[in-house]
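S.K.: Handing you a structure now.
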Amino acid sequence: LNPTFSFMDSSFNKPYGDQVGYMGCRTRVIANRRGPAVTDGRGNLSFTTINLPRLAIKAERNMKQFFSLLAQMMDLAAEQLMHRYGVQARLKVKDMPFLMGQGLYLDSDKLSPDDFIGEAIKHGTLSIGFIGLAETLTALTGTHHGESDAAQELGEEIVAFMRKKTDEAAEKYDLNFTLLATPAEGLSGRFVKLDQREYGIVPGVTDKEYYTNSFHVPVDYPISVAEKLRREGVYHKYTNAGHISYVEFNAPPVNNLAAVEDILRYMQQCDIGYGGLNYPVDFCNGCSNIGVFADTCPFCGSASIRRVRRITGYLSTTDRFNDAKLAELRDRIAHQLH
């Protein structure tokens, strides 16, 4: 049901052998400047997401101004994460009797109940994330990276710059700062509402109910599977805190497994680290049949249908989606195989 695939032979995962493990919808924890590069016994301590479209709107197509604003925001996010880290590090082992007291976190087994947990959580990650790259590029250039090679080049420049800033923060603070392609279950709608109030309706940017997930091509943009993966694949190597790229189907591809294998092999060619296949699955509460149904079940006529979809990485029934994600779901179109 809506599978995801980790690519251990991608350029950035291969150095770690089989140690890389992706959590949930994308989180990746592996490199460790304070100890062994493993996934087990570690986790993400905190992350802060930057509203990229707002910076682009404020810059008014002035690239120098945009990168200046972005640098300031990256530095501020790093400072905020350090403040959070300081608060967390002042907790004691006895405050977290399961995670730390049972020795589950790396090096926590060396601590006593009254010890501070800093010596354990130094192995964790502090991540700076971003959403709305597509809207950012539209605000800066008039097109997004699915539409234009020039926008794609700028998109890569922006994300590479953000990775450079997180690497600088890691050197400055000697902690595991990483860059996250944020899923933004709630922020995608919250950020756009704030920007609508502040800047009004900006065509292609604030004229819908949500910002696009991380570096993804907009869900309503008609694009082939291959082109989508080519364009999104370049961003995976920069987002070392986690990333994912999806391919959208109209129905479960149970009768076209050869196409699924072709897609997975092409993901590998595009240096994808984590990829997923999306398709609708409906359950009839009346007769328990499974399929893709319109308003009523074609088998028993029941209108009581449980509809399961992937939301930013997690499977959920559509009645639990927030308004922004419902709007995104309505806009989604299947990606063309050819």
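Here our numbering is used: position 47 in the sequence shown is 283, and no number is missing along the way. The beta-carbon is built from N, C-alpha and C at its ideal position, and this holds for glycine as well.
Considering Cα atoms alone, identify which of Glu-383, Ile-459, Arg-399, Gln-432 is closest to Leu-362.
M.R.: Here the closest residue by C-alpha is Arg-399.
S.K.: Run the CB neighbour count on Phe-334, radius 10 Å, all protein chains shown included, and call it buried at 16 or more, exposed below.
M.R.: Result: exposed.
S.K.: Would the region 265-285 count as touching the region 505-512 if we require 3 or more Cβ pairs under 8 Å?
M.R.: With the cut-off at 8 Å, the region 265-285 and the region 505-512 do not touch.
S.K.: Considering Cα atoms alone, identify which of Glu-371, Leu-493, Lys-444 is closest to Ser-450.
M.R.: When only C-alpha atoms are compared, the closest one is Glu-371.
S.K.: Could you tell me whether the region 346-362 touches the region 425-436, where touching means 3 or more Cβ pairs closer than 8 Å?
M.R.: No: the two stretches stay apart, fewer than three of their Cβ pairs being nearer than 8 Å.
S.K.: Among the candidates Arg-262, Ala-273, Gln-316, whose CA atom is the shortest distance from the CA of Ile-286?
M.R.: Checking every option, the nearest Cα to that of Ile-286 belongs to Gln-316.
S.K.: If I follow the unbroken alpha helix (DSSP H) through Leu-465, where does it start and stop?
M.R.: 461-472 is the span of the alpha helix (DSSP H), which, as asked, contains Leu-465.
S.K.: When DSSP labels each residue in this structure, what does Gly-391 get in the three-state scheme?
M.R.: The answer is helix: DSSP assigns Gly-391 an H, G or I state.
S.K.: How long is the line joining the alpha carbons of Leu-493 and Gly-512, rounded to whole angstroms?
M.R.: Cα to Cα, the separation comes out at about 14 Å.
S.K.: For Leu-416, which of Tyr-482, Tyr-435, Ser-282, Ala-560 has the nearest alpha-carbon?
M.R.: Among Tyr-482, Tyr-435, Ser-282, Ala-560, the Cα nearest to that of Leu-416 is on Ser-282.
S.K.: So is Val-323 buried or exposed if we call it buried at 16+ other beta carbons inside 10 Å?
M.R.: Per the 10 Å Cβ criterion, exposed.
S.K.: Return the chain-ordered list of same chain residues with a C-beta closer than 6 Å to the C-beta of Val-395, the five sequence neighbours on each side being excluded.
M.R.: Correct list, in chain order: Tyr-471, Tyr-474.
S.K.: Figure out for me which residue from Ser-344, Met-332, Pro-489, Arg-262 has the closest Cα to the Cα of Tyr-550.
M.R.: Closest option to Tyr-550, Cα to Cα, is Arg-262.
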